Each structure stands twice: as structure tokens, then as C-alpha cells.
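Notes for the one structure printed next.
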Amino acid sequence: MTVTYESAIGRYEPVFGLETHVELGTRTKMFCGCGTTFGAEPNSQTCPVCLGLPGSLPVVNRRAIEYTIKIGLALNCSIASWCRFARKNYFYPDMPKNFQISQYDEPLCVDGYLDVAVGGKTVRVGIERVHLEEDTGKSLHVGGATGRIQGAEYSLVDYNRAGIPLVEIVTKPVPGTGFLAPEGAKAYVTELRDVLRTLGVSDVRMEEGSLRCDVNTSISPRGSGSWGTRTETKNVNSLRSVERSVRSEIARQAEVLDGGGRVIQETRHFHEDTGVTTSGRSKEEAQDYRYFPEPDLVPVAPSREWVEQLRGTLPELPSARRARLQAEWGLPDLEMAALRNAGALDLVAETVAAGAPPAEAAKWWLGELLRRAHESGTELACLPVAPAQVARVIALVASGKLNDKLARQVLDGVLAGEGTPDEIVAARGLAVVSDDAALLAVIDEVIVAKPDVADKVRSGKTAAAGVLVGDVMKATRGRADAARVHELIMERLTGSG
Numbered sequence: 012m013t014v015t016y017e018s019a020i021g022r023y024e025p026v027f028g029l030e031t032h033v034e035l036g037t038r039t040k041m042f043c044g045c046g047t048t049f050g051a052e053p054n055s056q057t058c059p060v061c062l063g064l065p066g067s068l069p070v071v072n073r074r075a076i077e078y079t080i081k082i083g084l085a086l087n088c089s090i091a092s093w094c095r096f097a098r099k100n101y102f103y104p105d106m107p108k109n110f111q112i113s114q115y116d117e118p119l120c121v122d123g124y125l126d127v128a129v130g131g132k133t134v135r136v137g138i139e140r141v142h143l144e145e146d147t148g149k150s151l152h153v154g155g156a157t158g159r160i161q162g163a164e165y166s167l168v169d170y171n172r173a174g175i176p177l178v179e180i181v182t183k184p185v186p187g188t189g190f191l192a193p194e195g196a197k198a199y200v201t202e203l204r205d206v207l208r209t210l211g212v213s214d215v216r217m218e219e220g221s222l223r224c225d226v227n228t229s230i231s232p233r234g235s236g237s238w239g240t241r242t243e244t245k246n247v248n249s250l251r252s253v254e255r256s257v258r259s260e261i262a263r264q265a266e267v268l269d270g271g272g273r274v275i276q277e278t279r280h281f282h283e284d285t286g287v288t289t290s291g292r293s294k295e296e297a298q299d300y301r302y303f304p305e306p307d308l309v310p311v312a313p314s315r316e317w318v319e320q321l322r323g324t325l326p327e328l329p330s331a332r333r334a335r336l337q338a339e340w341g342l343p344d345l346e347m348a349a350l351r352n353a354g355a356l357d358l359v360a361e362t363v364a365a366g367a368p369p370a371e372a373a374k375w376w377l378g379e380l381l382r383r384a385h386e387s388g389t390e391l392a393c394l395p396v397a398p399a400q401v402a403r404v405i406a407l408v409a410s411g412k413l414n415d416k417l418a419r420q421v422l423d424g425v426l427a428g429e430g431t432p433d434e435i436v437a438a439r440g441l442a443v444v445s446d447d448a449a450l451l452a453v454i455d456e457v458i459v460a461k462p463d464v465a466d467k468v469r470s471g472k473t474a475a476a477g478v479l480v481g482d483v484m485k486a487t488r489g490r491a492d493a494a495r496v497h498e499l500i501m502e503r504l505t506g507s508g
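Following our numbering, the residues of the sequence shown are numbered contiguously, the last one being 508.
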């Protein structure tokens, strides 16, 4: 690609939008009683209903309707008092009925918004609709180099996923973010994921496919007053890839337009290894799916009383919680952003709840523990250390029983499964040596061992005391209070602390 993102954004105005598919965390599927356990033996969670066998009839999962209404309320949507399901007809091997039960012109939730922070400003992302449908199965193409059907020797289909409740959240086009369009797309998906996790309606694990994004991108010449033709990048499966796909597509479309070409409305695939998109297929219009009302299901008509009852069960949403915690903790914006980006916000909150000062809790999770997570290639929340244990280490430092160096050794022991912080301090003999008599005995040995350094201190070269302090710390294996050691050395050699 010869056109860079920076040069493209200088001449073109981007618009993005997202269609996010969320598998709901119900015990059973949308229209039958089959289980929804991820990773089960292929085709072991199927029945005549989700396989679309003749004579089978679907029954709506009430919990899935409840979860969808909660999502709509959290996204400031209007909840329909009457809606119905439709058949969306298409023919893929992973769609056993050759149609998908979805919602078309009468979705459950419409016209909402989600505010996200982009570049220090708040961007309101409009929500066009939130509708409920069933997921498809999963195809596995075997024998090719890319994992796609092209070049594969054969394909297998697992229908376990077919029929799992799937919510599709469709944004309105988002103009006006300019250079920060890729960051804005990522920020929206990040905030949406946090909302869904807080609601408890999905585990939102992108790596397992329970949260998947289709990213729409278009560009138009700056000042033209019109929007360009959009493309849809399908099934982007990580937050970083959402940002990269928008960036790549903007540069690609700019190169097409610069060369006198025309951007084609189509679906595209994002390649993690190269960071570019490639053409998939021309984008179908609604009429190509031959929608018609699902004859085997009655309309859904949630009462106002039920909707308001569900509204009353909504938890504190992420943006409000972050603002409250930041005010309570007194942390600056950059540190709060760092906590969120590292996935440490809940861990710090639990550590504070266990008695640690907020600044100290943030310091240990963003410092030593985040470093350990990076070294082990794991998520911060997956480290084998509990917030209460971190709070105890912080308390031991505050009491003077540990210094930071010893505290890191205690964390080593906790991470290695050696026990509680107090048990590790006792077993490893890590408590700070604070007894003056014990410290003076070591200090006297160090002074005798280095009389020339001691003479320098006596003659007024107080900086030389650092050498003696270092020797004491070495002799005590870092367990001495360095500040107290320095005071005692100065008292010994000069008569002043």
C-alpha cells in the first residue's frame, strides 16, 4: 500500500460504524433447551429444533429477551412495546435451517446512544438498533494454508453454536472524529464490552467469539459535504484489530480514490498478520435475504411494568462508576486511564476495599504486578494473587515490617503459591530489621571493614556514608531500614543523626 494513513486523513474525512454481535450468557439456546457450553464436543449440543428438522417448533427464551431489554436500557434505547421475529433466508453450510430467525424491521430496542472518551473529548455514538437473533454454527476448513475455504481439502461444521441467543448492536454512522477515527472505533467497542460485562449478560470473550465486530468504514473528500461508499470488515476479533482495520481501510480506500477508482460496497476480511483487509463478497441488500415474519413464533410484547422493573435492576454502569471511584480515590485522569487500559480497575477497587490506600494499590498493580503479568504473558487478573493479599503486603510496608524490596520478594512467594504474605515473611525471614542494637552490631562491623570510608564521613564527607549504608543493606539481605541505618551511621561517626 503506497498511501499512508496520515496522508489519507489529510485529504479525506472518515466515517465509521459498528455492528457488534454478542452471544448472551443464557444456560440454553434461543429457541430450544440445548446447552451453550463453550468448547463442548462438536455437535453434542444439538436437537431437532436448532438443527431445523421437519416438525420441530421454536419456543422463545424469556431470559434472552430480558437480557436484551437490559442492554437496550443501558444504551439509552427506547424499548418496543410490540415486536416480532422474522426469517432471514440465506444458504450457508453453518446455517442448518437455511434461514436464521432474527428481527428485521421491528427490533426490540431502538434509537439509543453510548458516550465514549476519544482523545480527551466525549463522543456520542448513536445506537440505531439492538435486536435479537440466533447464532449460526461454525465451519472449520481443513488442509489450506489460511484456514479459509479457498485451498482447503475439506470442511467440517459444528452446530453447537447454532441457535445460541445473539444480540446485534448496530450504531449509527459516526462522523467528525477525523484523525482519531480508529481510536474512536476501539473506544466504543471497549466501552460497550465493559457495559455488557457489568450487566452480566455475556462473558464478552472476543477470543472465544462471544463478542464479534463488523466494522463499517467510508471516506469522502474533505469539504465535499457527502459520505462515501462504505465497506464492511467482518468478524474482527480483538480491540486492537478494530483500530487497525479502520486505519488500514481508510488508507486503502484513499489509494483507490487517488487512482481514479471507485470504492465498492462489499464485505472484507482483516488479516492479523499483515494488518490489511482483502475483498470478501459484494454486500447483500435487505431484499436479498427475503425477510418475512416468522410464522412459528408469536410477537413479543414486553409490558411497561416489566421494562421498568428491569430498569430498576440495572447496576451502576462503567462510566458512572469510574467517575465515582476517581473522585473517591483522588487519582489523576492519566492514572485512571492506565488502570482501565491495564484491566486493573476492579483489582484496585477490591484492594482498596481490603484496606489499602488507593494510590498505593494503583502503584503496586500498575507497577510490579503488571510487570509480572507481561513477563508471564498473562492477563493481570489471571495472576495467582488476590487483591486482599496485595492489600496485606501494602499494610506490611506501611507498618515498617517490610520495605519495597522485601515486599517484592513476598509477592514472589505469593505468586509461587507459598502461602499468605505473613506466612512467607516468616518462612523466608523477610521482616525488616528495625532493632537498633542489631543494626548497630552490623554497622560496627562495616565501619571496621572500611576505615577509610569511615574517616571520610568523620571529616565531613557525608556522601560517603552511602557506601556504608549499602554494605549494611547487603549484610542484612536488604532487610534493614535504610533511612534508620543512615541515621545510626551518622550518630556513630559524627555524633549527629
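A virtual CB, placed ideally from N, CA and C, is assigned to each residue, including glycine.
Since this is a predicted model, take the numbers as computed values, not measurements.
Minimum C-alpha distance to residue 206 - residue among 388, 122, 14 and 86: 86
Assuming the contact rule is C-beta atoms closer than 8 Å, residue 504 and residue 465 should be a hit. Round their C-beta distance to whole Å, please. 6 Å
Please name the residue, chosen from 312, 408 and 159, that lies closest to residue 73 on a Cα-to-Cα basis. 312
Per DSSP, what kind of secondary structure is residue 87 in: helix, strand or coil? coil
Can you name the residues that DSSP bridges to residue 152? 166
Contact check, residue 176 vs residue 142, beta carbons under 8 Å: no
Skipping 5 residues on each side, what residues in its chain have a beta carbon closer than 6 Å to that of residue 409? none
Just checking: is the beta-carbon of residue 112 within a distance shorter than 8 Å of some beta-carbon in chain B? Going by chain labels, chain B is absent from the structure shown, which holds only one protein chain.
I'd like to know if the region 138-153 and the region 80-99 are in contact, where contact means that at least 3 CB-CB pairs between them fall below 8 Å. yes
Leaving aside the five residues before and after residue 353 along the sequence, list all residues of the same chain whose C-beta is less than 8 Å from its C-beta, in chain order. 376, 377, 381 and 391
Give the straight-line distance between the Cα atoms of residue 67 and residue 159, rounded to the nearest whole angstrom. 32 Å
Between the C-alpha atoms of residue 267 and residue 37, what's the straight-line distance to the nearest angstrom? 44 Å
Local conformation of residue 390 per DSSP, three classes: coil
I want to know whether the region 298-308 touches the region 100-114 - three or more CB-CB distances under 8 Å. yes
Could you give the distance in angstroms between the alpha-carbon of residue 91 and the alpha-carbon of residue 357? 34 Å
Taking DSSP as the reference, what is the three-state secondary structure of residue 99? strand
So, with DSSP's three-state summary, where would you put residue 161? coil
Going straight from the alpha carbon of residue 350 to that of residue 373, what length do you get? 7 Å
With 16 other Cβ atoms within 10 Å as the buried cut-off, status of residue 314: exposed
How far does the alpha helix (DSSP H) with residue 380 in it reach, from first residue to last? Neither: residue 380 is in no alpha helix (DSSP H) and is coded neither H nor E.
Which residues DSSP lists as bridging residue 281, in chain order: 288
Does DSSP classify residue 441 as helix, strand or coil? coil
8 Å Cβ cutoff met for residue 228 and residue 27: yes
Simplified DSSP assignment, three categories, for residue 179: strand
Please report the distance separating the alpha-carbon of residue 211 from that of residue 18. 42 Å
Closest by C-alpha distance to residue 484, when choosing among 25, 342 and 414: 414
Which whole-angstrom value is the C-beta distance of residue 395 and residue 428, which I expect to be below 8 Å? 7 Å
Limits of the beta strand (DSSP E) - the one that residue 337 falls within: Premise fails: residue 337 lies in the alpha helix (DSSP H), 329-340, not in any beta strand (DSSP E).
Can you list, in chain order, the residues of its chain with a C-beta nearer than 7 Å to that of residue 286? Leave out the 5 residues immediately preceding and following it. 255 and 259
Using only CA atoms, which one of 397, 187 and 411 lies nearest to residue 431? 397
If you pair each beta-carbon of the region 144-151 with each one of the region 164-183, do three or more pairs fall below 8 Å? yes
For a test of the three-state rule: what should DSSP assign to residue 140, helix, strand or coil? strand
Which two residues bound the contiguous alpha helix (DSSP H) that contains residue 369? 369-375
Over what stretch of residues does the alpha helix (DSSP H) that includes residue 261 continue unbroken? 250-269
Can you give me the C-alpha to C-alpha distance between residue 467 and residue 493, rounded to a whole angstrom? 20 Å
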